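The structure under discussion appears below in the form of C-alpha cells.
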Amino acid sequence: MMRNETTGRRADPTRMCVICRGRFPKSALRRHVAAATGDARLVPDPRAVMPGRGHYLCANPECAEKFSKYSGRPRRRRGGNGE
Numbered sequence: 001m002m003r004n005e006t007t008g009r010r011a012d013p014t015r016m017c018v019i020c021r022g023r024f025p026k027s028a029l030r031r032h033v034a035a036a037t038g039d040a041r042l043v044p045d046p047r048a049v050m051p052g053r054g055h056y057l058c059a060n061p062e063c064a065e066k067f068s069k070y071s072g073r074p075r076r077r078r079g080g081n082g083e
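In full-length UniProt numbering, the protein residues as written are 1 to 83.
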C-alpha cells in the first residue's frame, strides 16, 4: 500500500460503486456479498469479513434504489473447466 507523504499513514483503498461506477474510499462504501445459502441474493457485509467477491455500494439514495434490483451476475473463475 502507498503511504500518504504528509502524514505517513497508509492511504485508504479506493473501490467503485457497482451502480453509478463512481470511485470512493473503501471506508465510504457498503459491501455486499453473495448469500452463503447459494441463492443469487446479495447480503450486507458491514464488517467486510465474509468470503467472496464484494459488491460495493455508495451512499446515494438513487444507487440504493437501483441496487435493490441489481442481480450481481456471478463471475466465472479463470482457469477452470467452465463450471
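Don't be surprised by glycine CBs; every beta carbon is placed ideally from N, CA and C.
Since the model is a prediction, treat every value here as computed from it, not as a measurement.
Whole-angstrom distance between residue j and residue i, CA atom to CA atom
i, j, result
"G54", "G72", "10 Å"
"E83", "R9", "Here the model assigns E83 a pLDDT of 49, short of 50, so the residue's position is not dependable and the matter cannot be decided."
"F24", "C17", "8 Å"
"K66", "R31", "15 Å"
"S27", "A11", "11 Å"
Beta-bridge partners of residue i, as assigned by DSSP
i, result
"A34", "L42"
"P25", "T14"
"Y70", "Its beta-bridge partners do not exist; DSSP assigns none."
Residue closest to residue i, alpha-carbon to alpha-carbon, out of the options
i, options, result
"A34", "D45, F24, V18", "D45"
"K69", "G52, V43, M50, P51", "V43"
Beta carbon of residue i nearer than 8 Å to that of residue j
i, j, result
"A64", "L57", "yes"
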